[in-house]
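Below: one structure, written as structure tokens.
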Amino acid sequence: MKLTDEKGLGTVGRVIIIALAAGFAYVLIRGLIANPVLFLQQIINGFQLGFVYALIALGYTMVYGIVRLINFAHGDIFMIGAFTSYFMISYWGVTKLKVLDVFGPTLGPIVGTGLVILIAMVVCASMAVVIERVAYKPLRAAPRISALITAIGVSFFLEYFAALDFVFTSNYIIYERPFPVTVWHPIPGLSISNIMIIIVLTSIVFLLLLQYIVHYTKLGKAMRATSYDKPTSRLMGIDVDTVISFTFALGAALAGAGGVLYAIAYPQLIVFMGIMPGLKAFVAAVLGGIGSIPGAFVGSLIMGQAEVMSAGYISTTMRDAIAFAILILVLIARPTGIFGEPEGQKV
Amino acid sequence: MKGKLLGQPWKFWLGALIVYAVVQFIFSRGLVTDYIQTIVQYACVIAVAALGLNLIYGFTGQFSLGQWGFYAIGAYTSAEISYNLAPRVSVPVDLGFGGFDLGQYLVFLLAIFAGACLAAVISYLFGLPVLKMGGDYFGIATLGFTIVVKVLLDNSDQVFREMKGARGMVGIPQLTTWFWAFLFLVLALVIMRNLIYSTTGRAMVSVREDEVAAKAMGIDTVRYKTMAFVIGSFYAGLAGGLYAHLYAFLHPSTFNFVKSFDLWIIVVFGGVGSITGTIIATFGWATLLEGLRIVLPSGTETWRFVIYPIALILIMLLRPQGLFGGLEIGFLKPPKWPRRQKSVTAEN
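Residue numbers (our numbering), protein chains in the order written: chain A, 1123 to 1469; chain B, 4 to 351.
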């Protein structure tokens, strides 16, 4: 029985994948027909989750594209962003500053939240640059697995240091939302909250900004060049070290923003909160083709939808398994991901 | 005396016997606490699993994050078999100075091998479509596998009631002893060493070094990759079975993928592709974690988990190839190949 052959999927493999996809589609369509409004609600929830994953996934994919490192500590940067915003909102009242009153009672906290996001982004970006300089840069010439293990070490360190009692403790912390939740019901049964809209809008703004930076600025061009061919970029006069640090900083800034938005949407913090979203975002980046920015975005949306749909229509407890099973199947069918290009082999 | 048993000189077996006897003496006289005894046996178990991972990654170059998933499969399968069979089979054997229950141990061996074989079979089936993906993608697929296994175990009580899903499985007979742990470790070590220095092992190493060149030399890389993956998973399943019977309690949270990094840390820290390194790193790692627990003043034990990654990062920065990268000691050194006969023409 051949599941695969030299050219990819064999007939049996194709049949299995088509059968599974058909089964999944059947369950979804049944749900759609039974309760279309609920289905729409799930799709919206999936987008909310997917956009947050996208912010994290972009960091993974950019760093992988430029230094071929799976930065396992990225999920913990996300956690740091969330905690930074917690301190700013609850301890330093950044969203309640007098200067924001000029925007009025509803818009004031929202602008304040924007400020919090910016500060969190700066904190996360600086942290990522420090980590890169201290832990990853010395290992650029070392075997890739060493850098990977170091990334794992950094991840553990961030989590357990933050779990110490004088830092964040290892308890769950209730997050105080900077602005109250308002929910609209355009159709009976459908809930759209202002948080959802803010998440989606903020994510889209950041993603457009990223596209601009990567494709229309000189630094972006340097990033793309370094990802493509590092030694030649050096020869062309690009300061590769700065470009790499900038890439880490950019990815971390996005993850930090994602952390703040995630905390606002699901207001409960714990130092280990970055592990699962980080992992799922990484999987999403791989799904879309690791190293590809549009791929990370598309992969994240798919991942968000798959997770919410599985939780809603198949089983809540099995949703992680189903999400990862989907990943494995997609990788079998298309090994380099949706937008990925197979790396040519020099013989 | 001359002669070799299983390819190793008699000196090796004598040394192993001495180590066993000394530790057994220490244990049975109660010179160390039960806790330390368990830790030593646990280190042996982890060493077997780490050896399997070293075969898959260190010698064959396949980046597999799935070792822990197969460990889990081995653990739960063997536990399930033991749980059901052991209470019904009892063949007490009385030797003059003490006795043991032959029936129980037969069930134990059966269970462990069944667990290991199931892990091997699943790894074969999983590897068929997955091994042909390049490096990182294979790693990600195996990572997905480990997570899927863990989630399935969380929900296992729907199929196997006694596994009790996320509440943890109890009632496994506690049959692993220092004898078994050490025996399996020694056997695993010897078999691994013999495998590496055989033609098969050389083929696996060639896959790691340069797959395209190996193919050009006529080596069926798919076959050897699959073989390494299956054997490595067998080791993991075996270790899992030993683990299940050591602590007599299984909980799915032990098998989450974050814990799987422990094996990777051991393999890389000890030196990729070095059997000696893996063994020493396993015992060093266990000592470090437990030693920190003892050494740190009470109330600050959580600092263990801060010091441990710092130590890891420092070691990676100072010696990226790992402690024993590329080196072996003692009997694990590559055998000296017999010198070639000088050709007749060269002499003139």
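From the three backbone atoms N, C-alpha and C, an ideal C-beta is built for every residue, glycine too.
Taking the DSSP output, what are the residues bridged to residue i?
i        : result
M172(B)  : L253(B)
Q1390(A) : I1296(A)
S1315(A) : V1305(A)
V1174(A) : In the DSSP output, where bridge partners are listed per residue, V1174(A) has none listed.
P95(B)   : D104(B)
Residue i to residue j, Cα distance in whole Å?
i        : j        : result
Y1435(A) : R1441(A) : 10 Å
Y1388(A) : A1179(A) : 19 Å
G1381(A) : F1194(A) : 16 Å
T1126(A) : K135(B)  : Residue confidence is low: T1126(A) scores 48 on pLDDT, short of 50, so the model does not pin down where it sits. Its coordinate-derived value is still stated next. The straight-line gap from Cα to Cα measures roughly 9 Å.
A1264(A) : G276(B)  : 15 Å
A114(B)  : T180(B)  : 15 Å
V1224(A) : C1246(A) : 29 Å
R196(B)  : M207(B)  : 13 Å
A46(B)   : F286(B)  : 6 Å
Q40(B)   : G1234(A) : 57 Å
K5(B)    : V43(B)   : Low local confidence applies: a pLDDT of 47 at K5(B) is under 50, so the model's placement there is unreliable, with the coordinate-based value given in what follows. Going by the C-alpha atoms only, they are around 33 Å apart.
T305(B)  : F1404(A) : 28 Å
M1123(A) : A1269(A) : With a pLDDT of only 42 at M1123(A), under 50, the local geometry of the prediction cannot be trusted, and no value is derived from it.
A1204(A) : A1379(A) : 8 Å
A1407(A) : F1394(A) : 21 Å
E1463(A) : G1410(A) : 11 Å
K1129(A) : L1191(A) : Confidence at K1129(A) is low in this model, with a pLDDT of 49, below 50, so the placement of that residue should be treated as unreliable; the coordinate-derived value is given next. Taking the straight line from one Cα to the other gives about 28 Å.
F327(B)  : Y140(B)  : 28 Å
I1366(A) : I1309(A) : 48 Å
P132(B)  : I222(B)  : 19 Å
T1438(A) : Y1148(A) : 18 Å
I1140(A) : R1456(A) : 14 Å
A1347(A) : V1362(A) : 10 Å
E350(B)  : F237(B)  : Only weak support is given to the placement of E350(B): the predicted model assigns it a pLDDT of 49, under 50, and the value that follows is read from those uncertain coordinates. Approximately 50 Å between the Cα atoms of the pair.
T1183(A) : L1329(A) : 13 Å
V1303(A) : F129(B)  : 46 Å
L190(B)  : Y23(B)   : 13 Å
F1461(A) : G142(B)  : 19 Å
W13(B)   : I278(B)  : 20 Å
Confirm, please, whether the CB-CB distance from residue j to residue i is below 8 Å.
i        : j        : result
Q1427(A) : G1168(A) : yes
S81(B)   : G244(B)  : yes
F62(B)   : G280(B)  : no
I1188(A) : S1349(A) : yes
G77(B)   : A242(B)  : yes
T1458(A) : V1185(A) : no
G1197(A) : P1399(A) : yes
I175(B)  : A247(B)  : yes
V1238(A) : P1300(A) : yes
F185(B)  : F1278(A) : no
S1315(A) : V1305(A) : yes
A1385(A) : S1207(A) : yes
A117(B)  : I84(B)   : yes
M319(B)  : L253(B)  : no
I1199(A) : A1371(A) : no
L1171(A) : V1430(A) : yes
L198(B)  : I282(B)  : no
Just the chain A side, please: which residues come within less than 7 Å of residue i by C-beta, in chain order?
i       : result
A289(B) : Those within 7 Å of A289(B) in chain A number zero; the least Cβ separation is about 17 Å.
A144(B) : I1450 and L1453
Taking residue i as the query, report the chain A residues whose CB atoms sit under 8 Å from its CB, ordered along the chain.
i       : result
T63(B)  : Residues of chain A passing the Cβ test: none, with the nearest at roughly 14 Å.
T281(B) : Neighbours of T281(B) on chain A: none; closest Cβ ~14 Å, over 8 Å.
Q70(B)  : Per Cβ cutoff of 8 Å: no residues; Q70(B) is ~14 Å from chain A at best.
T229(B) : The premise fails here: T229(B) is roughly 12 Å from chain A at the closest Cβ pair, so nothing lies under 8 Å.
For residue i, return the contacting residues in chain B, with the cut-off set at a CB-CB distance below 9 Å.
i        : result
D1223(A) : Those do not exist, as D1223(A) stays about 43 Å from chain B at its closest Cβ, beyond 9 Å.
L1142(A) : Within 9 Å Cβ-Cβ: nothing; L1142(A) doesn't reach chain B, min ~13 Å.
Below 7 Å on C-beta distance, what does residue i contact in chain B?
i        : result
M1440(A) : V154 and N158
A1268(A) : Note that residue 1268(A) is Ser in the sequence shown, not Ala. Under the 7 Å cutoff, chain B gives V271, M319 and P323.
P1260(A) : L320
Y1213(A) : Correct list: empty, because the minimum Cβ distance to chain B is about 23 Å.
Y1297(A) : Correct list: empty, because the minimum Cβ distance to chain B is about 23 Å.
Find the residues of chain B that neighbour residue i, judging by a C-beta separation of less than 8 Å, and give them in chain order.
i        : result
L1171(A) : Those do not exist, as L1171(A) stays about 18 Å from chain B at its closest Cβ, beyond 8 Å.
**OP:** Would you check if the region 56 to 64 of chain B and the region 264 to 272 of chain B touch, i.e. whether three or more CB-CB distances between them fall below 8 Å?
**Re:** yes
**OP:** Kindly confirm or deny that the region 1442 to 1453 of chain A and the region 131 to 149 of chain B touch, where touching means at least three C-beta pairs closer than 8 Å.
**Re:** yes
Original post:
Are the region 34 to 51 of chain B and the region 66 to 73 of chain B touching by the rule of at least three beta carbon pairs closer than 8 Å?
Top reply: no
Original post:
Contact between the region 1247 to 1256 of chain A and the region 1170 to 1177 of chain A: three or more CB pairs below 8 Å?
Top reply: no
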